[in-house]
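Engineer: Please find one structure pasted underneath; my questions will follow.
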Amino acid sequence: MGELSLKYRRYLLVTLILSGGILFGLALQGCQIQDEMPVIESSTNWPVEVEARLTTSGTPNSQAWDQPEQETITSSSDQGAQSLWSTFLSPSIDPATPIPPPIERLEFEDSILVWVLLGSDTEPPFLGQTEAIHLVFINPRFSKASLVSIPGDLYVYIPGFTMQRLNTAYAIGGIETLRITLAYNFGVIPSRFVLAHPGDFQWLVDDINGVEVTVFQPMPEACAGIRTGVIQMDGAMALCYASYQDGMDEINRMQRQQQLLRLIFQKFARDGNLAKLPVLFASYEGWVRTDFSLPELMGYVPLALRLADPDRIGYFLIGWDQISLWELPGHSQAMVFLPDQEAIQAVLQSALDLIMSPSPLTNQVQTLEAQLTAAYQATATALGQATPTPSITPTPAAYFEVTETWETPTPTTAPPGYP
Numbered sequence: 042m043g044e045l046s047l048k049y050r051r052y053l054l055v056t057l058i059l060s061g062g063i064l065f066g067l068a069l070q071g072c073q074i075q076d077e078m079p080v081i082e083s084s085t086n087w088p089v090e091v092e093a094r095l096t097t098s099g100t101p102n103s104q105a106w107d108q109p110e111q112e113t114i115t116s117s118s119d120q121g122a123q124s125l126w127s128t129f130l131s132p133s134i135d136p137a138t139p140i141p142p143p144i145e146r147l148e149f150e151d152s153i154l155v156w157v158l159l160g161s162d163t164e165p166p167f168l169g170q171t172e173a174i175h176l177v178f179i180n181p182r183f184s185k186a187s188l189v190s191i192p193g194d195l196y197v198y199i200p201g202f203t204m205q206r207l208n209t210a211y212a213i214g215g216i217e218t219l220r221i222t223l224a225y226n227f228g229v230i231p232s233r234f235v236l237a238h239p240g241d242f243q244w245l246v247d248d249i250n251g252v253e254v255t256v257f258q259p260m261p262e263a264c265a266g267i268r269t270g271v272i273q274m275d276g277a278m279a280l281c282y283a284s285y286q287d288g289m290d291e292i293n294r295m296q297r298q299q300q301l302l303r304l305i306f307q308k309f310a311r312d313g314n315l316a317k318l319p320v321l322f323a324s325y326e327g328w329v330r331t332d333f334s335l336p337e338l339m340g341y342v343p344l345a346l347r348l349a350d351p352d353r354i355g356y357f358l359i360g361w362d363q364i365s366l367w368e369l370p371g372h373s374q375a376m377v378f379l380p381d382q383e384a385i386q387a388v389l390q391s392a393l394d395l396i397m398s399p400s401p402l403t404n405q406v407q408t409l410e411a412q413l414t415a416a417y418q419a420t421a422t423a424l425g426q427a428t429p430t431p432s433i434t435p436t437p438a439a440y441f442e443v444t445e446t447w448e449t450p451t452p453t454t455a456p457p458g459y460p
């Protein structure tokens, strides 16, 4: 144990303690559907509370880098039917197109979680455009989720500002402006967010030793020429694959982003990798923007193991059937996407409908739980602990074989390219 640094031992101790709590929770649940999960409090004044914080922020950019570590936001569940147009701020700049009315609010149960995953095109401390925008709806009771990808070039109303591309909302006023923009144009306010920068994404893929991607369309002019077939991608290639856009074909880029998100999540859930979550959280804490806390994330690990079953997550996108191309007046060949509100509502409703029906868990979930148990046991052994490992479920021999060794990760101080 002498060769382990004090800081690293602390990381491992945190991993051991939190992972132990998760495993005991799994043992008590017995792989049954959870009836109670963390629920965001609802409020009938959901847009007013966000607007109040937005209007007191001073300058539009003042909140972008001064978010509290744990933000409190109301959910869009338990919503009334009355119009909310009067509660949104009026435009401060004349819009290039008439401002549409706010979309009808989505109706769903209080227990449904709504998160938003964002990818910036700029490294900190600069505020760039969010070229990846993915809404996530989660039903903890049935262990199901839907991911809806939204094009950043969608031309929407940003309350208090004007009509503009959706990917500029975060840079204009931080996460609160983006939340109220999503409320106005999609009828939902995310309760949690994650914003990653290019270096964060590249570093993450390298930390999990890359991903194996099946490429269906060649990209000869991008990323040093990507061919079709199965390709092992490192962080740099995966970043290029996720961010490359040919002209206005943002829809293909969103599909590639969905593919990578699915592969990364699946790799995290396998082989007990979620036991490393405290170490990864500590490594990325100074770079990735989020209002998740580590204990909150660790509390969702049992849910993550169930969602790792591919059939329990649905993937949707706002594509060509929900948008139309439009050239901005006075801007030569500057194109944006105009939304079809009714068609977008149909996509969002389909995403919600998918997670509202129960389905049986497969043996794969038991396998993943067994792998996490083995990882916990290996971590305890590395620390010289004699704590007994709680039993969860029998391990199907055809799916998993426990190895006797465990290679512990070494935390990195900064991602490539960072000072």
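42 is the number of the first residue of the sequence shown in this note's numbering; add one for each residue after it. Backbone N, C-alpha and C fix where the C-beta goes; we use that ideal spot for every residue, glycine too.
For Glu217, which three-state DSSP category applies?
Structural biologist: Per DSSP, reduced to three states, the secondary structure at Glu217 is helical.
Engineer: How long is the line joining the alpha carbons of Tyr211 and Glu145, rounded to whole angstroms?
Structural biologist: 22 Å
Engineer: Name the one or two DSSP bridge partners that Gly270 has.
Structural biologist: Val256
Engineer: Jot down the residue ranges of each uninterrupted alpha helix (DSSP H) in the stretch 347 to 413, minimum 4 residues, whole runs only, in chain order.
Structural biologist: 382 to 395
Engineer: Measure the beta-carbon distance from Ala186 to Ile359 and round it to whole angstroms, keeping in mind my assumption that it falls under 8 Å.
Structural biologist: The Cβ separation is near 18 Å, so there is no contact.
Engineer: Val157 and Asp241 - do their beta-carbons sit closer together than 8 Å?
Structural biologist: no
Engineer: Whole angstroms are fine: how far does the CA of Pro370 sit from the CA of Leu154?
Structural biologist: 39 Å
Engineer: Quick one: using the 10 Å Cβ neighbour count with 16 as the cut-off for buried, is Leu413 buried or exposed?
Structural biologist: With 16 or more other Cβ atoms within 10 Å, it is buried.
Engineer: Alpha carbons only, please: which of Val406, Phe183, Ala237 and Thr422 is nearest the one belonging to Pro165?
Structural biologist: Ala237
Engineer: For Phe322, which option in Asp312, Gly313 and Glu337 has the closest C-alpha, if you only look at C-alpha atoms?
Structural biologist: Glu337
Engineer: Taking the alpha carbon of Pro380 as the point to measure from, which residue in Tyr198, Tyr417 and Pro132 has its own alpha carbon closest?
Structural biologist: Tyr198
Engineer: Please name the residue or residues paired with Tyr198 in a DSSP beta bridge.
Structural biologist: Met204
Engineer: Nearest-angstrom Cα distance between Ile292 and Leu207?
Structural biologist: 15 Å
Engineer: Roughly how far, in whole angstroms, is the beta-carbon of Gln258 from the beta-carbon of Thr269, given that I think they are within contact range, below 8 Å?
Structural biologist: 7 Å
Engineer: Please tell me whether Leu159 and Phe234 are closer than 8 Å, where the distance is taken between their beta carbons.
Structural biologist: Contact: yes.
Engineer: Would you check if there are 3 or more beta carbon pairs closer than 8 Å linking the stretch 300 to 312 to the stretch 346 to 353?
Structural biologist: yes
Engineer: Identify the residues that DSSP records as bridge partners of Arg330: which are they?
Structural biologist: Leu236
Engineer: Ile272 to Ala283, Cα distance in whole Å?
Structural biologist: 14 Å
Engineer: Closest to Val388 by CA distance: which of Phe178, Ala137 and Met278 is it?
Structural biologist: Phe178
Engineer: So is Asp248 buried or exposed if we call it buried at 16+ other beta carbons inside 10 Å?
Structural biologist: By the neighbour-count rule (16 or more Cβ atoms within 10 Å), Asp248 is buried.
Engineer: What would DSSP say about Gly276, mapped onto helix, strand or coil?
Structural biologist: The three-state reading of DSSP puts Gly276 in helix, counting H, G and I together.
Engineer: Should Gln300 and Val254 be called a contact, given that it needs their Cβ atoms to be closer than 8 Å?
Structural biologist: yes
Engineer: Compute the distance between the beta-carbons of Pro141 and Met295, then report whether it is under 8 Å.
Structural biologist: no
Engineer: Sort Trp361, Leu302 and Gly288 by Cα distance to Ala173 and report the nearest one.
Structural biologist: Leu302
Engineer: If you run the structure through DSSP and keep just helix, strand and coil, what is Ile305?
Structural biologist: helix
Engineer: What is the DSSP secondary structure of Ser184, counted as helix, strand or coil?
Structural biologist: coil
Engineer: Rounded to the nearest angstrom, what separates Phe469 and Ala384 at their Cα positions?
Structural biologist: Residue 469 falls outside the range modelled here, since the chain spans only 42 to 460, and no answer is possible.
Engineer: In the DSSP output, what is Ala173 paired with across the bridge?
Structural biologist: Gly160
Engineer: In the DSSP assignment, find the unbroken alpha helix (DSSP H) run with Leu335 in it and report its ends.
Structural biologist: Leu335 to Gly340
Engineer: My assumption, with CB atoms under 8 Å, is that Phe149 sits in contact with Leu344. Please give the rounded CB distance.
Structural biologist: That belief does not hold up - the Cβ atoms of Phe149 and Leu344 are roughly 17 Å apart, past 8 Å.
Engineer: Considering Leu315, what are the terminal residues of the alpha helix (DSSP H) in which it resides?
Structural biologist: That residue, Leu315, is in no alpha helix (DSSP H); it is neither H nor E in DSSP.
Engineer: Only counting the same chain, and skipping five residues up and downstream in sequence, which positions put a Cβ closer than 6 Å to that of Pro399?
Structural biologist: Phe183
Engineer: Could you tell me the distance, in whole angstroms, from the CA atom of Asp312 to the CA atom of Arg220?
Structural biologist: 35 Å
Engineer: Using DSSP with H/G/I as helix, E/B as strand and the rest coil, what is Ser190?
Structural biologist: Of the three classes helix, strand and coil, the one that applies to Ser190 here is strand, per DSSP.
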